[in-house]
Structures are given as structure tokens and as C-alpha cells.
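The structure appears right after this line, and notes come after that.
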Ligand code: AMP
């Protein structure tokens, strides 16, 4: 299992779908999996953009992970989003070894550019810079935690054409797979 991390506007879903389409790994989008399996109050909470409780989220992920054939690597997108969610990855509830983290990096100006081009109502500069701030507060302690656990973290430059960024991601996935194989032998 590879943890896929990146700021809003990084093109994470697009890249993850390419990874899956081309057979490098199976993409699990936590947001998508939650949306597909929840209803009622929890669904409303989701639509409001509020984070759901850890047990609900790990329950849905666990089911999705178990459905993937063991020979297929998993690219987990959207988890962990809080430090409290890190633990689950290293419990027997997760049948997969975390072989690494793939972190897409994008300069703030580039995030601003990309999100403002999308032209959504909530994409005014102040809201965007607030989202960037929140993202950093959310993700920095998590990245630090992975590093402390000696889980390899690969930084991928997210600036460039789609295929260019894809090549970097593909290379990073291969590197993590090789590292895990060497470790196992
Ligand atoms: P996303 O598609 O990643 O924007 O996620 C959509 C919604 O799913 C979020 O607004 C949250 O309510 C919920 N969600 C996704 N990932 C998580 C997570 N790791 N922890 C808690 N809630 C999550």
C-alpha cells in the first residue's frame, strides 16, 4: 500500500486514475468510497466538508482494501487526514504493509493559479489561501510522523504537463515497490 498525498489542485485524482488505468496500482479514493457507502446524516456531514469520525472512515477503507487482490498494490488517496488516523495503518485491521508515501508538491502560487482557473464560487484568493494553510496544518505532522516511523516518503514535483508528472509518479511507485521487495528478501 502506498499513501498518496498532495494539496488541492495537484491533480491527484487524475493522476491516480492514470495509475490505475495503466496497471501500476489499484486506486482507492477514500472520498469516493465514503460517498458510495454512506447515507443520511453522515452523507450530509460529508457534503458539508466536515471530516467524519475515524471508525466510520477506517471501516469503509478496510472493506475497500480487502476487496483488492493481494497481488495488486494499492494507492490510498485521502487517508490519513489526521494524526489520529495514522494508527489504523499499522494495526492488523489493515492487511497491507505501508511501503511508502508519495507526496505531490506544488508551490502555493501554482495552487492559487490552478484553483482560481477552475472558477468555482468558493475559489476566491482568500478562501484558497485559507485552504492551503489548512492543508499544511493537516499534512505536515502526518508527513513528519511517517518519517519518524522510517516509512519512505518520496516527494514528487507536481508542476508540469500531465504526462510529465505521471512519469515522475510512475518512477516513484516503482522505486517504492523495489524498496519493499529488497526489504522482504
Ligand atoms: P474528498 O472527496 O477527499 O474531498 O472527501 C469528501 C468528504 O469525505 C470529506 O469532506 C470528508 O467528510 C470525508 N472524508 C474523506 N476522507 C476522510 C478522512 N480521511 N477522514 C475523515 N473524513 C474524510
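In the numbering used here, the protein residues as written are 245 to 429. For each residue, glycine too, the CB sits at the ideal point set by N, CA and C.
(request) Might you give, ordered along the chain, the residues of its own chain that have their beta carbon closer than 6 Å to the beta carbon of residue 308, omitting 5 neighbours on each side? (result) Once the five neighbours on either side are set aside, the close Cβ partners of residue 308 are 272 and 277.
(request) In angstroms with no decimal places, state the Cα-to-Cα distance between residue 286 and residue 280. (result) C-alpha separation (whole angstroms): 12 Å.
(request) Would you mind reading off the limits of the beta strand (DSSP E) that contains residue 399? (result) 397 to 401 is the extent of the beta strand (DSSP E) around residue 399.
(request) Please classify residue 323: is it buried, with 16 or more other beta-carbons within 10 angstroms of its beta-carbon, or exposed? (result) With 16 or more other Cβ atoms inside 10 Å of its own Cβ, residue 323 counts as buried.
(message) With the cut-off set at 7 Å, would you say residue 395 and residue 416 are in Cβ contact?
(response) No; because the gap between Cβ atoms is not below 7 Å, this pair is not in contact.
(request) At 4 residues or longer, and completely inside the region 264 to 295: list those alpha helix (DSSP H) runs for me, N to C. (result) Those alpha helix (DSSP H) runs which fall completely within the region 264 to 295 and span 4+ residues are 274 to 281 and 284 to 291.
(request) Output the residue ranges of the alpha helix (DSSP H) runs that lie fully inside the region 340 to 404 and measure 4 residues or longer, sorted by chain position. (result) The region 340 to 404 contains, as complete alpha helix (DSSP H) runs of 4+ residues, the segments 352 to 362 and 369 to 392 (chain order).
(message) Rounding to the nearest angstrom, what Cα-Cα distance links residue 336 and residue 318 in this structure?
(response) In this structure, the straight-line span from the alpha carbon of residue 336 to that of residue 318 is close to 17 Å.
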